[in-house]
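J.: Residue numbering for the sequence shown follows our numbering, beginning at 134 and increasing consecutively.
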Amino acid sequence: MMAAILPAVTESDNSQIDGDNALQYLNENQVRGELHCSSMFNDDQVIELENIVRRNHSAIHLTSLKLANNGLTENSTTALANILTHQVETLRDLDLTQNPLKHSGLTPLVDQLIAGRPVSQLHTLNLTKTMLGNQGASALASLLRFNTSLRHLNLSSNKLGNKGIKTLAPALQNNSHLETLNVSNNNISSVGGNFLAKEIQAAKAPGVSNIISNLRHLDISFNKIKDSGIQAFATLLRTENTFESFCAESTSLGPDGAFHLAPVLEFNHGLRVLKLGGNQIGSEGVEVLMESLHNSQSSNLEELDLAYNAVGREGAESIAHELAENSNLKVLNLNGNTIGSAGCALLAQGLQYSLSLRHLVLTNNNIDNQGAFEMAVALGKPSCKIETKNVLLDDNPITDAGITALERVQKLKNNQKYWLGKLLQGLEKGVIFSVDLQYKDIGDTEVLLLLEVLADHNPLIRTFFLNGKNLTSKSLIPLFQFALTWKARILRLFLKQCSFGPDVSAAFRQSLVENSTLEVCSLIDCSIDSNGISEIAEGLKYNKTLRRLNLDRNCIRDDGLATMLSILPHPSLTALCVSKNGITDQSMSNPALAHLTELNLNGNLITSVGGAQLSAALVSSRMERLGLWNNKLGEDQRNAIKAFLPNTHCEF
């Protein structure tokens, strides 16, 4: 029989199911397994639930009973205790979270759980936020002393206080079964923390009774333990390797608390989970933790939570160094640590060498596109084992460009596997002389990886083809800064659909100033307008190698062409292509056109009037090739141009 799971009722569906419906279902159906009824029952309905379970005890066999957030009081706990009796052989999990049972309501439950016969099989008891107070500690102490089934006990948010802890903790010395204890958010100070730690240590030491605590998971989060109180826990964890997890989130530890806990990472080889979020330990605290983790010869720590600890860039650098060498850590939470893009870049560098990390939380860290790009490059490296979906970067100022880079990581990995890796290796060795990426599905990250090789090895590249429909200024600016500067050895560069915004145009201008090898440059369909042409023209004033410039399918128009022609005559530039640029008759009388030997004006708005003006301007030129396809020239004007330019190959 399938388990009956009745989830929490929302406003949208509470007309369809409520406590009465649930009871009717239980009365009419066999239930084996889990029964989850959140926000459904009141005290009277729990009493009715007990009656149904009693009447149908041969058909109902519960393994898990979860009644969270039902507003149950001490008036229902006798019925709950009876349910435990009726289901004593099967019930393993009881969740009473957020029900105001109070200490008076706890007694019937405890009495049943410590009854002699039949022995309870309950393993997990969740009493979170049940208003037990310090008065409930006596019943809980009895539970620990006499119950032999309970493995996991959650007492979070019950205002136990130091007084309650002093009543409860000594009972741990009489319990060899409890594995998990959660006393988070219970108004425990450093005094109560010290007492609890010492009692646990005593419980784990062999005594007269030979009862040794099996406690392995401890949560003291959201208490004012402070650095003065954490010392006792540090001593406990350093000497007791049986502990597997320790949670001390938001316990006001500060940097000093991190110093106390650091030796735990170095000497405790049993600890798997350490949660220290919200303690403002700072970069100094992080550094000492990472140093201890690095020095450990036997640490098996798999999960580390350092959320909201003012880690910053400096702390991120310490973590990055450890990530590069650690072979055990699987989960790292750095949420809310103002790491920024600089810190993210450092983490990315360490991440690509990590052999074990599988989940990294970097939410709310003021990481922008720069950090997203750096992370994308690292995640795309073949050596990086973590999947992109497991690096959480929500609540950071990352725009569509950064998101796109992260979404393309798997494509980047595939590219490196099938062709990019071989290309990079060939360029490093200097055995590849042509790079053709015009038909490859690439983004900024592929180009950035390519630029690393070009900057480091400076190979001779005779021809470089690049289609930039997925590229942004993130890769285009470095392309010009590192691939076309004075050290570069690219002879012919062909770019298509690379958007030239103001920053990209400025970078290209500077590359033309510094470059001394580029002979051919094609910038087709790159959104270059008259302002972009001004930048290109300014750079060409200082360039002495470029022979051919193709600006087809841009937006330069007559003003942009006039700007380009203003640099003529040029020491090297003799061929210019400006097809489909909205150029009209206005530009055809410019005498600077005569300094070119090749001119492509296809697909513009030139009429017979402009054709006549162009013929006059070129009549004494050295023009070898003239392209005027798809303009508005009449047949008579085409014949006239041929007559005026008998030594020019004209294409109409």
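C-beta: ideal position from N, C-alpha, C; glycine also.
Grab me the residues of L599's own chain with a C-beta within less than 6 Å of its C-beta, minus the 5 sequence neighbours each way, in chain order.
T.: Here the set comprises L570, L628.
J.: What do you get for H590, buried or exposed, if any count of 16 or more other CB atoms within 10 angstroms of its CB means buried?
T.: Exposed, by the Cβ-count rule.
J.: For L234 versus T257, is the C-beta spacing smaller than 8 Å?
T.: No, the pair does not count as a contact, with Cβ atoms beyond the cut-off.
J.: Measure the alpha-carbon distance for K674 versus E447 and round it to whole angstroms.
T.: Looking at the two C-alpha atoms, the distance is approximately 45 Å.
J.: Is T372 helix, strand or coil when you go by DSSP?
T.: In this structure, T372 counts as helix in the three-state DSSP scheme.
J.: Between N723, H728, L738, S722, which has its C-alpha nearest S680's C-alpha?
T.: Sequence inspection shows Arg at residue 680; the Ser mentioned does not correspond to that position. The candidate whose alpha carbon is nearest that of R680 is H728.
J.: Return the residue from the list A330, I185, A302 that minimises the CA-CA distance to T372.
T.: Per the Cα distances, A330.
J.: Quick check on L706: buried or exposed, where buried means 16 or more other Cβ atoms within 10 Å of its Cβ?
T.: The residue is buried, with at least 16 neighbouring Cβ atoms inside 10 Å.
J.: Rounded to the nearest angstrom, how far is the Cβ of G849 from that of A336, given a contact under 8 Å?
T.: A query on residue 849 cannot be resolved here, the shown segment of the chain reaching from 134 to 785 and no further.
J.: State yes or no: is the C-beta of C631 within less than 8 Å of the C-beta of C659?
T.: Yes.
J.: Between F613 and V568, is the Cβ-Cβ spacing less than 8 Å?
T.: No, Cβ-Cβ distance for F613 and V568 is not below 8 Å.
J.: Can you name, in chain order, every residue of its own chain whose Cβ lies under 6 Å from the Cβ of D352, other than the five neighbours on each side?
T.: The residues are N315, S317, C380.
J.: Given that a residue counts as buried once 16 or more other Cβ atoms are within 10 Å of its Cβ, and exposed if not, what is D533?
T.: With fewer than 16 other Cβ atoms within 10 Å, it is exposed.
J.: Is it true that the CB of I716 sits closer than 8 Å to the CB of L698?
T.: Contact flag unset, no.
J.: For the segment 674 to 737, which segments carrying the alpha helix (DSSP H) assignment without a break, of at least 4 residues, lie completely within its bounds, in sequence order?
T.: Complete alpha helix (DSSP H) runs here, min 4: 690 to 698.
J.: Apart from the five residues on each side of it in sequence, which residues of its chain come closer than 7 Å, Cβ to Cβ, to S516?
T.: If we look at S516 and ignore the five residues flanking it on each side, its Cβ neighbours are Q485, Y486.
J.: Please list the segments of the alpha helix (DSSP H) lying wholly inside the segment 182 to 266, counting only runs of 4 or more residues, in order along the chain.
T.: Runs of the alpha helix (DSSP H) inside the segment 182 to 266: 210 to 219, 235 to 246.
J.: Return yes when the Cβ of V542 is within less than 8 Å of the Cβ of A509, no when it is not.
T.: In this structure, V542 lies closer than 8 Å to A509 by Cβ.
J.: Hey, could you find the ends of the alpha helix (DSSP H) V397 is sitting in?
T.: Start and end: 387 to 400.
J.: Taking the continuous alpha helix (DSSP H) assigned at I333, which residues delimit it?
T.: Taken as a continuous stretch (DSSP letters only), the alpha helix (DSSP H) holding I333 covers 323 to 337.
J.: Assess contact between the segment 709 to 724 and the segment 664 to 672, defined as three or more Cβ pairs (one per stretch) separated by less than 8 Å. Is contact present?
T.: In short, these stretches do not touch, since the Cβ pair count stays below three.
J.: For A212, does the count of other Cβ atoms within 10 angstroms reach 16, so buried, or fall short, so exposed?
T.: Buried, since its Cβ has 16 or more Cβ neighbours within 10 Å.
J.: Excluding five sequence neighbours on each side, which residues of the same chain lie with their C-beta closer than 6 Å to the C-beta of G415?
T.: Within the same chain, G415 has close Cβ partners P388, A443.
J.: Under the three-state reduction of DSSP, which class applies to V406: helix, strand or coil?
T.: Three-state result, V406: strand.
J.: When the Cβ atoms of the segment 516 to 530 are set against those of the segment 487 to 501, are three or more pairs found closer than 8 Å?
T.: Short answer: they touch.
J.: Among the candidates D438, N295, S431, whose CA atom is the shortest distance from the CA of S460?
T.: Checked all of D438, N295, S431; the closest Cα to S460 is S431.
J.: Quick one: is K199 buried, meaning 16 or more other Cβ sit within 10 Å of its Cβ, or exposed?
T.: So K199 ends up on the buried side.
J.: Reducing DSSP to helix, strand and coil, say where T605 ends up.
T.: Reduced to three states, the DSSP call for T605 is coil.
J.: With 16 as the cutoff for other CB atoms within 10 Å, does H393 come out buried or exposed?
T.: It counts as buried.
J.: Just list the residues that DSSP pairs C783 with in beta bridges.
T.: Paired residues: L759.
J.: Which residue marks the beginning of the alpha helix (DSSP H) containing G294, and which one marks its end?
T.: Residues 294 to 301.
J.: In whole angstroms, what separates the C-alpha of I216 from that of L370?
T.: If you take the alpha carbons of I216 and L370, they lie about 39 Å apart.
J.: Starting from A510, trace the alpha helix (DSSP H) in both directions and tell me its first and last residue.
T.: Checking the sequence shown, residue 510 turns out to be Val, not Ala. 502 to 512 is the span of the alpha helix (DSSP H), which, as asked, contains V510.
J.: Tell me, which residues are paired with C631 by DSSP?
T.: Answer is none; C631 lacks a bridge partner.
J.: Hey, would you say E784 sits closer than 8 Å to G767, going by beta carbons?
T.: In this structure, G767 does not lie closer than 8 Å to E784 by Cβ.
J.: Where does N291 land, buried or exposed, given buried means 16+ other C-beta within 10 angstroms?
T.: By the neighbour-count rule (16 or more Cβ atoms within 10 Å), N291 is buried.
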